[in-house]
Amino acid sequence: MTTILAFAASNSSTSINRQLVTHAAELAAASIDDSTIEYLDLNDFEMPIYSQDRQEADGIPEPAQRFYDAIGSADAVIISFAEHNGSYSVAFKNVYDWASRIDMAVYQSKPVLMLATSPGGRGGQGVLEAAAGAAPFFGANLQGTVSVPTFFANFDADAGELSNPDLAAELATAVAALTTAVSLKA
Ligand SMILES: Cc1cc2nc3c(=O)[nH]c(=O)nc-3n(C[C@H](O)[C@H](O)[C@H](O)COP(=O)(O)O)c2cc1C
Numbered sequence: 014m015t016t017i018l019a020f021a022a023s024n025s026s027t028s029i030n031r032q033l034v035t036h037a038a039e040l041a042a043a044s045i046d047d048s049t050i051e052y053l054d055l056n057d058f059e060m061p062i063y064s065q066d067r068q069e070a071d072g073i074p075e076p077a078q079r080f081y082d083a084i085g086s087a088d089a090v091i092i093s094f095a096e097h098n099g100s101y102s103v104a105f106k107n108v109y110d111w112a113s114r115i116d117m118a119v120y121q122s123k124p125v126l127m128l129a130t131s132p133g134g135r136g137g138q139g140v141l142e143a144a145a146g147a148a149p150f151f152g153a154n155l156q157g158t159v160s161v162p163t164f165f166a167n168f169d170a171d172a173g174e175l176s177n178p179d180l181a182a183e184l185a186t187a188v189a190a191l192t193t194a195v196s197l198k199a
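The numbering of the sequence shown is our numbering, which starts it at 14 and goes up by one.
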């Protein structure tokens, strides 16, 4: 069984990045035999804000270990990043910082696809560039990045898929790279 781990780097109950990552994960699962998708919700990983003092006093919180282990158990990871003030959402950054104290190679050499979307015209490019640029230092076997600008114009929420054909083709190419990397490792 091939497990695709998918999550939005957002804690919003109406996350557009969750819609995008769900679509991408379904595309990936459709092209891998005997695959399953595991979705994470960052609301299930609430914990105190990272501090060195807290780590020294109390060690690593259970949610951080659970997040790290979920990546470790997966065969591929797809993340769609919400952009908050040009960077990661606090919800993601906190779990990421804690997990990086378990092992800086948070992504544990897994094939990773990174996405981002926003209602605006930049499509979360700032956070996506930051995440992709840092990916090699955090153990990601990065297979591609796709930014979806003006989400509500380019995504059909009822159908759960991209309505813009150019973006759909770009996502399909990136998903194919990910699934190829998974099959090469199998
Ligand atoms: C605190 C905050 C900061 C934001 N900063 C940005 C930003 O820098 N760039 C951007 O494109 N959108 C920004 N937005 C709008 C988000 O792109 C929008 O809320 C989007 O829906 C977030 O993704 P999500 O729905 O997956 O949580 C911001 C939203 C919030 C709440």
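Virtual Cβ for every residue (Gly too), placed ideally from N, Cα, C.
Rounded to the nearest angstrom, the gap between the Cα atoms of Ala22 and Val108 is 10 angstroms. In terms of Cα proximity to Ala104, the closest of Ile29, Asp57, Glu51 and Phe150 is Asp57.
Trp111 and Ser48 have their alpha carbons spaced roughly 29 angstroms apart. In the DSSP assignment, Phe164 falls within the unbroken alpha helix (DSSP H) covering Phe164 to Asn167. With fewer than 16 other Cβ atoms inside 10 Å of its own Cβ, Glu75 counts as exposed.
For Pro178, the number of other beta carbons within 10 angstroms of its own is below 16, and it is reported as exposed. Per the coordinates, the alpha-carbon of Val90 lies some 6 angstroms from the alpha-carbon of Pro124.
Counting only unbroken stretches of 4 or more residues, the alpha helix (DSSP H) elements lying wholly within the region 43-86 are 65-71 and 75-86, in sequence order.
DSSP links Phe94 through a beta bridge to Ala22 and Ala129.
Within 7 angstroms of the C-beta of Ala144 there is not a single heavy atom belonging to ligand 1.
The closest CA to that of Phe150, considering only Glu183, Ser113, Phe165 and Gln138, is found on Ser113. In the displayed model, Gln121 falls within coil according to three-state DSSP, outside both helix and strand. Annotated as distal: Gly72 and Ser100, with beta-carbon spacing of 8 angstroms or more. The Cβ atoms of Leu191 and Ala87 lie no closer than 8 angstroms to each other. A residue is called buried when at least 16 other Cβ atoms come within 10 angstroms of its Cβ; Phe165 does not meet this threshold and is exposed.
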